[in-house]
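Using the working numbering, the letters of the sequence shown map in sequence onto residues 462 to 538. Cβ coordinates follow ideal geometry from the N, Cα and C atoms, glycine included.
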Amino acid sequence: MKVRDKLILWFQEQSGQSVFDTQQNYFEQELIDSFDVIMLIEYCESEFSIVFSETQFEDRRFSTIDGLSEIIIEMKG
């Protein structure tokens, strides 16, 4: 399963929503709240064997599913 697909599945499970825009800010779509971000970070770091740095958190792409997927793929090389 691709990174993007795993993220979509995680967001579906967390939000209870099955349809959303992967290019839009997931906070603005109310898919998750600020507390869920911690779980998202833990999930990503565990699932993809990565460790986010402050640079990744500040990256604008971090707030969309597609962007987060790109960041993870870049980190995995």
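In the displayed model, Thr-516 falls within a helix according to three-state DSSP. The Cβ-Cβ distance between Ile-502 and Phe-509 does not fall below 8 Å. Check the Cα spacing between Ile-511 and each of Gly-538, Met-462, Asp-527 and Ser-524: the tightest is with Gly-538.
About 20 Å separates the Cβ atoms of Tyr-487 and Thr-516, ruling out a contact at the 8 Å cut-off. Spanning the alpha carbons of Gly-477 and Glu-491 requires a straight line of approximately 11 Å. Judged by DSSP secondary structure, Val-480 falls outside any alpha helix (DSSP H); it is assigned neither H nor E.
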